[in-house]
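*Asks:*
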Amino acid sequence: MNTSQRAAERAAIDDFLAHHRIALVGASRDERDFSRLLMRDLADKGYEVLPVNPGADAIAGQRCYAHVADIDPPPEGALLMTPAEQSAELVRECADAGIERVWLHRGAGRGAVSDEALAVARERGIKVVPGQCPYMFIDGDRGPHRVHRWFKKLVRRYPERAACPAGAVVPPHEQKALWPMAAWTWLLLLAIAFTAGALRTVLLEPYVEPYVAHFIGTIFAATLLLYAGALSMRSVAGRESTLRLLAVGAAWVAATVAFEFFFFGFVMGHPISGLLANYDIGSGRLWPMLLMVVFLTPLVARAWARDD
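Heads up: the sequence shown begins at 11 in the numbering used here, then just goes up one per residue.
1. Exposed or buried, which one is V59 when buried takes at least 16 other CB atoms within 10 Å?
2. Hey, P144 and W189: beta-carbon distance below 9 Å or not?
3. DSSP state of I32, grouped into three classes?
4. Name the two residues that bound the continuous beta strand (DSSP E) containing G207.
5. If you draw a straight line from the C-alpha of R244 to the C-alpha of E126, how long is it?
6. On a Cα-Cα basis, can you pick out the residue from R20, R39 and V303 that is closest to V139?
7. Starting from I69, follow its DSSP beta bridges and name the residues at the other end.
8. Using only the alpha-carbon positions, how far apart do G150 and P216 sit?
9. For S251 and A264, what's the separation of their Cα atoms in angstroms?
10. Quick one: does the C-beta of A201 sit closer than 8 Å to a heavy atom of the ligand GDP?
11. In whole angstroms, what separates the C-alpha of A231 from that of A203?
12. Using C-beta distances below 8 Å, list every residue in its chain close to M191, excluding the 5 sequence neighbours before and after it, in chain order.
13. For the alpha helix (DSSP H) that contains E103, what are its first and last residues?
14. Based on DSSP bridge pairs, tell me the residues matched to W113.
15. Whole angstroms are fine: how far does the CA of R31 sit from the CA of P83?
16. Rounded to the nearest angstrom, what separates V267 and F305 at their Cα positions?
17. Check V218 in the structure and name its three-state DSSP category.
18. To the nearest angstrom, how far is it from the Cα of A88 to the Cα of G36?
19. Please classify E184: does DSSP put it in a helix, a strand, or coil?
20. Would you decide whether R132 is buried or exposed? Buried here means 16 or more other CB atoms lie within 10 Å of its CB.
21. Let me know the secondary structure DSSP gives E126 once reduced to three states.
22. Taking all protein chains shown into account, decide if I69 is buried (16 or more other Cβ within 10 angstroms of its Cβ) or exposed.
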């Protein structure tokens with residue numbers, strides 16, 4: 011998937027999620043089924059979810075429709091959680107019912123996506139989301155969905171939003187997401203810093219001079235921190251101002267220094283003089299450089315998001 015394809019897919023996703031009356035085609039009668047979990051969570055996010063299943067009269071205490079054509083007035087979009095073999099005919103039914111947006115669900119495997127369904131959508135002028143799991147976009151900050159989203163980004167299959175033009179609509183569930191993402195990312199950076207320090211202690215310090223070990227370890231840690239931090243933040247950084255991103259970087263630096271002196275100084279009992287020695291660039295310690303990398307990472311994330 012190239013940049014233009016990812017941008018087009020993300021535009022279709024944002025358009026779909028900006029409408030709140032949705033048919034869920036393939037809603038299961040089993041309350042433990044994934045479709046039921048998604049139905050419940052969409053409702054919790056403020057969506058009116060209309061279950062469609064010809065084998066049920068009611069699902070989750072509300073009327074279940076046999077076909078999308080039975081819903082009056084027509085829903086604003088339809089989420090298909092059905093076998094791929096059924097998708098083309100269901101897309102035709104959606105078009106006949108006046109539904110303008112269709113999301114072909116895909117978690118693992120093919121999901122509801124098929125070449126024929128995509129061709130029908132193009133022929134009938136339907137805006138289509140060709141795959142993806144909605145959870146990555148309505149609840150992407152929760153554990154398993156964050157991992158799923160992170161993996162999609164890693165393999166460049168995640169539809170990133172381009173920098174928002176003036177007046178663009180950002181779905182409500184993604185507004186004000188900067189600081190929660192920043193908090194989670196700082197914890198990630200902290201874990202990476204601990205891991206890099208442990209690797210330096212085990213792999214470098216027994217074999218090279220201390221200043222060489224610190225130099226190599228710091229460069230390695232800075233590279234990891236910059237990449238991981240920018241990767242984590244770029245989904246929200248692309249539409250943020252320079253001032254807000256610098257505020258995030260400053261908060262990260264302040265939290266890192268506070269944690270360093272509290273944990274290593276007061277909890278672990280290391281002398282303060284030893285901690286201050288990490289800031290002595292003349293002795294080969296590059297800790298201030300590492301903090302500068304942390305400070306600038308949100309801006310790097312924005313540049314990455316806009317150039318990707």
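From the three backbone atoms N, C-alpha and C, an ideal C-beta is built for every residue, glycine too.
*Replies:* Looking at the atomic coordinates:
1. Walking along the sequence shown from the start, residue 59 turns up at place 49. Classification of V59: buried, given that the 10 Å Cβ count is 16 or more.
2. Start at 1 with the first residue of the sequence shown, and residue 144 comes out as number 134. Start at 1 with the first residue of the sequence shown, and residue 189 comes out as number 179. Between P144 and W189, the C-beta gap is not smaller than 9 Å, which leaves the two residues out of contact.
3. Sequence index remark: in the sequence shown, residue 32 carries index 22 (1-based). Three-state result, I32: strand.
4. If you number the sequence shown from 1, residue 207 lands on position 197. Taken as a continuous stretch (DSSP letters only), G207 belongs to no beta strand (DSSP E), being part of the alpha helix (DSSP H) at L188 to L213.
5. Numbered from its first residue, the sequence shown carries residue 244 at position 234. Numbered from its first residue, the sequence shown carries residue 126 at position 116. Distance between the alpha carbons of R244 and E126 is about 34 Å.
6. Translated into the one-based positions of the sequence shown, residue 139 becomes position 129. Checked all of R20, R39 and V303; the closest Cα to V139 is R20.
7. Reading the sequence shown from its first residue, position 59 is the one you call residue 69. Its beta-bridge partners are Q72.
8. Translated into the one-based positions of the sequence shown, residue 150 becomes position 140. Translated into the one-based positions of the sequence shown, residue 216 becomes position 206. Residue placement at G150 is flagged as unreliable, the pLDDT there being 48, under the threshold of 50; a coordinate-derived value is accordingly withheld.
9. Here residue 251 refers to the residue found at position 241 of the sequence shown. Here residue 264 refers to the residue found at position 254 of the sequence shown. Answer to the nearest angstrom: the Cα atoms are 20 Å apart.
10. Annotation note on the ligand GDP: not contained in the displayed structure, which lists no ligands.
11. One-based indexing of the sequence shown puts residue 231 at position 221. One-based indexing of the sequence shown puts residue 203 at position 193. Approximately 6 Å between the Cα atoms of the pair.
12. Sequence index remark: in the sequence shown, residue 191 carries index 181 (1-based). D151, S242, M243, S245 and V246, listed in sequence order.
13. Reading the sequence shown from its first residue, position 93 is the one you call residue 103. First-last of the alpha helix (DSSP H) with E103: A94 to D106.
14. Numbered from 1 along the sequence shown, position 103 holds the residue referred to as residue 113. DSSP output for W113 lists L89 and V139 as bridge partner(s).
15. The residue labelled residue 83 in the question sits at position 73 within the sequence shown. The residue labelled residue 31 in the question sits at position 21 within the sequence shown. Their Cα atoms are separated by approximately 10 Å.
16. Sequence index remark: in the sequence shown, residue 267 carries index 257 (1-based). Sequence index remark: in the sequence shown, residue 305 carries index 295 (1-based). Their Cα atoms are separated by approximately 12 Å.
17. Here the question's residue 218 lines up with position 208 in the sequence shown. It is coil, neither helix nor strand.
18. For the purposes of this step, residue 88 is identified with residue 78 of the sequence shown, where counting begins at 1. For the purposes of this step, residue 36 is identified with residue 26 of the sequence shown, where counting begins at 1. Cα to Cα, the separation comes out at about 10 Å.
19. Here residue 184 refers to the residue found at position 174 when the sequence shown is read from its first residue. Low per-residue confidence applies at E184: pLDDT is 47, beneath 50, and the placement is therefore not dependable, though the value from the model is reported in the following sentence. Helix, per DSSP.
20. Within the sequence shown, numbered from 1, the residue matching residue 132 stands at position 122. With fewer than 16 Cβ atoms within 10 Å of its Cβ, R132 is classed as exposed.
21. Mapped onto the sequence shown, residue 126 falls at position 116. Looking at E126 - three-state DSSP - the assignment turns out to be helix.
22. Residue mapping note: residue 69 aligns to position 59 of the sequence shown, counting from 1. Burial call: buried.
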